[in-house]
Amino acid sequence: MPEMCPKCGLPKEICVCEVLDRETNRRIKIFKEKKKFRKYMTVVSGLSGEEMERTAKELKRMLACGGTYKNGMIELQGDHKDAAKKALLQLGYQEETIDMS
Ligand SMILES: [Zn+2]
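Numbering (this note's numbering), first residue to last: 62 to 162.
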């Protein structure tokens, strides 16, 4: 007998509850940080692992800016708050999971 999911009753192998939970509960935050010499950095937090790496690469390409990622934070050079949100929407993230602050 395969292990069954208590939530949907399907075998765990084909159940997508965990994926859905993760997507529903995920909150992405976009905020701006002031750096030295009046420069800004845009931070996108709330992603992790491979998804964060992939998204960081896409954001850097779409916004044509430099950036790094570590500890669940994507740091983009410059002030790209609005552009970053647009880019995330284009990448398929849901508007209601994105917080701007
Ligand atoms: Zn399930």
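Glycine residues also receive a C-beta, built at the ideal position from the N, C-alpha and C atoms.
Keep in mind the model is a prediction, meaning the values are calculated, not measured.
Following a CB-centred definition, is residue i positioned closer than 8 Å to any heavy atom of ligand 1?
i: V77; result: yes
i: L137; result: no
Just checking my contact of residue i with residue j at CB under 8 Å: how many whole Å lie between their CB atoms?
i: I159; j: L149; result: 6 Å
Applying the criterion that 16 or more other CB atoms from any shown protein chain within 10 Å of the CB defines a buried residue, is residue i buried or exposed?
i: A125; result: exposed
i: G133; result: exposed
i: G110; result: exposed
i: L81; result: exposed
i: V77; result: exposed
So residue i is in the beta strand (DSSP E); what residue range does that whole segment cover?
i: G153; result: G153 -> no beta strand (DSSP E), and no H or E assigned at all.
i: E136; result: M134 to Q138
i: G128; result: G128 to K131
If I follow the unbroken alpha helix (DSSP H) through residue i, where does it start and stop?
i: M123; result: G110 to L124
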